[in-house]
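First comes the structure, then the notes that go with it.
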Amino acid sequence: MKFNIAVLPGDGIGPEVLAEGVKVLEAVGRKFGHSFMTTHALIGGVAIAEEGTALSDETVKMCKKQDAVMFGAVGDPRY
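The working numbering puts the last residue of the sequence shown at 146; the count rises by one with no breaks.
As structure tokens, then:
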């Protein structure tokens, strides 16, 4: 089966944790014959810094088109 996954790493430790989560997803795909197509977007403090908002309308629209969302940690103390 093929699945479309939105990957929102977040900030702080989120990107590091989600990078490992994507590796697990890829291992599951190899073992069980699944295909995971990932689309990455910004959320949280990094999104505020880059896009001016913690969660853009574009990111929400993209997530709604996916089969699932992998969401990382957010909570940068600057925001």
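Think of the CB as a built atom: it goes at the ideal place given N, C-alpha and C, for glycine as much as any other residue.
Secondary structure of Thr105, DSSP reduced to three states: Residue state, collapsed to three classes: strand.
Beta-carbon spacing of Gly119, Val141 below 7 angstroms: Against a cut-off of 7 angstroms, the Cβ pair of Val141 and Gly119 comes out as no contact.
Cβ-based neighbour list, Ile115, same chain, cut-off 6 angstroms, excluding 5 preceding and 5 following: Within the same chain, Ala121 and Tyr146 come within 6 angstroms of Ile115 by CB-CB distance, once the 5 residues on both sides are set aside.
Cross-strand partners of Met137 (DSSP beta bridge): Answer by DSSP bridge pairing, in chain order: Val74.
Buried versus exposed call for Ala73 [16 or more other C-beta atoms within 10 Å across all chains shown]: Classification of Ala73: buried, given that the 10 Å Cβ count is 16 or more.
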